[in-house]
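Step one of this worksheet: look at the structure below.
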Amino acid sequence: MNTNHNFSKNFECIYYPAIVKNEEKAIHTLGGRMHLSEMISSFNGHMDLKFRPDDPFCKPTVGERVNVTGLLLKLRIVKKRKKKSGETVSVVPQVLGSVTSWFQFKNMCDYQYLPVKLKPSSDNPDTTAANNTVHGGDNSTVHSTDNTVHSSDK
Numbered sequence: 001m002n003t004n005h006n007f008s009k010n011f012e013c014i015y016y017p018a019i020v021k022n023e024e025k026a027i028h029t030l031g032g033r034m035h036l037s038e039m040i041s042s043f044n045g046h047m048d049l050k051f052r053p054d055d056p057f058c059k060p061t062v063g064e065r066v067n068v069t070g071l072l073l074k075l076r077i078v079k080k081r082k083k084k085s086g087e088t089v090s091v092v093p094q095v096l097g098s099v100t101s102w103f104q105f106k107n108m109c110d111y112q113y114l115p116v117k118l119k120p121s122s123d124n125p126d127t128t129a130a131n132n133t134v135h136g137g138d139n140s141t142v143h144s145t146d147n148t149v150h151s152s153d154k
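Per full-length UniProt numbering, the very first residue in the sequence shown carries number 1; after that it's consecutive.
Listed below in C-alpha cells is the structure:
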C-alpha cells in the first residue's frame, strides 16, 4: 500500500452548488481568482456566488465558512485487463493535504427579475417598447411582442 501522505499542505474546500463543466467559468461566478483569494484569506466567514456574473441585476447567493478537520484525497482507479480472469480494478488513494474549512451554499437563491429585452416582431415591425402595455387592477391587459401572450379582462 502506498503511504504517500502530505499533511503539511492546507486546503480550503468550496461546495459549488452546480455541476462544474468549465472550471474557469465557475471561478468567474465566484468573482475571479483574485476575489476568490481575498475571500478565502479574509475571516468574514462568507463568500458570494453570482450565477450570472456579468449581469448587474444578478443578486449573489451567500456561502458560509465552516471550520472542519478533514483530508483531501486523490483516488486513482487502476484497471488491469487480464485475458482469462477478466478485468481487475484497484483504487490507489493519495492524501494531498488537510482541509481546514469549507464554504457551503445552503441558502436559497433570491427570486430574480430579469429585464425584458424587446425586439421588433417579424409579424409587426412597428412593435416597440412603447406599444407593449401592462395594466393592473380591474382592467388587466398584457401584450407581447411575439404575439404569443395576449390577455384582456374587461
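All C-beta atoms, glycine included, are put in the ideal place defined by N, C-alpha and C. Predicted, not measured: the structure shown is a model, and the values here were computed from it.
Residues near residue i by beta carbon distance below 7 Å, same chain, minus five either side
i, result
"L49", "T29, L30, P60, T61, G63 and F105"
"V20", "A26"
"C109", "T61"
"N107", "T61 and V62"
"Y16", "A26"
Whether residue i touches residue j by CB criterion (8 Å)
i, j, result
"L73", "F11", "no"
"P93", "L114", "no"
"R65", "C58", "no"
"C13", "V95", "no"
Length of the line joining the Cα atoms of residue i and residue j
i, j, result
"K82", "T88", "7 Å"
"D55", "V116", "13 Å"
"T128", "Q112", "Confidence is the limiting factor: at T128 the pLDDT is only 48, short of 50, which leaves the residue's position unreliable, though a coordinate-based value still follows. The alpha-carbon atoms of T128 and Q112 are separated by roughly 24 Å."
"E24", "K84", "45 Å"
"F43", "S37", "12 Å"
"G45", "F103", "8 Å"
"residue 155", "N22", "Lying outside 1 to 154, the shown extent of the chain, residue 155 is not represented and no answer is given."
"A18", "G86", "37 Å"
"S41", "L118", "43 Å"
Terminal residues of the beta strand (DSSP E) in which residue i lies
i, result
"G86", "G86 to Q104"
"K25", "K25 -> not in any beta strand (DSSP E); alpha helix (DSSP H) instead, spanning E23 to T29."
"M108", "No beta strand (DSSP E) contains M108, which DSSP labels as neither H nor E."
"I14", "N10 to Y15"
"I77", "T61 to K82"
"L49", "H46 to L49"
Sequence-distant residues of its chain with Cβ nearer than 8 Å to residue i (five each side left out)
i, result
"G97", "N6, F7, S8, K9, N10, F11, L71 and L72"
Nearest-angstrom beta carbon gap, residue j and residue i [assumed within contact, 8 Å]
i, j, result
"residue 156", "S101", "Because the chain here runs from 1 to 154, residue 156 falls outside it and cannot be looked at."
"N47", "M34", "The displayed chain sequence assigns Met, not Asn, to residue 47. With 8 Å as the limit, M47 and M34 do not qualify as a contact, their Cβ atoms being about 14 Å apart."
Neighbourhood of residue i by C-beta distance below 6 Å, restricted to the same chain and skipping five residues each side
i, result
"S90", "V78"
"K80", "T88"
"N131", "Reliability of the predicted coordinates at N131 is poor, the pLDDT of 45 falling under 50, and the value obtained from them is presented with this limitation in mind. Nothing listed; no residue qualifies."
Boundaries (first-last residue) of the alpha helix (DSSP H) holding residue i
i, result
"L36", "G32 to S41"
The ligand MG heavy atom lying under 7 Å from the CB of residue i
i, result
"N107", "The ligand MG is not part of the structure shown, which contains no ligands of any sort."
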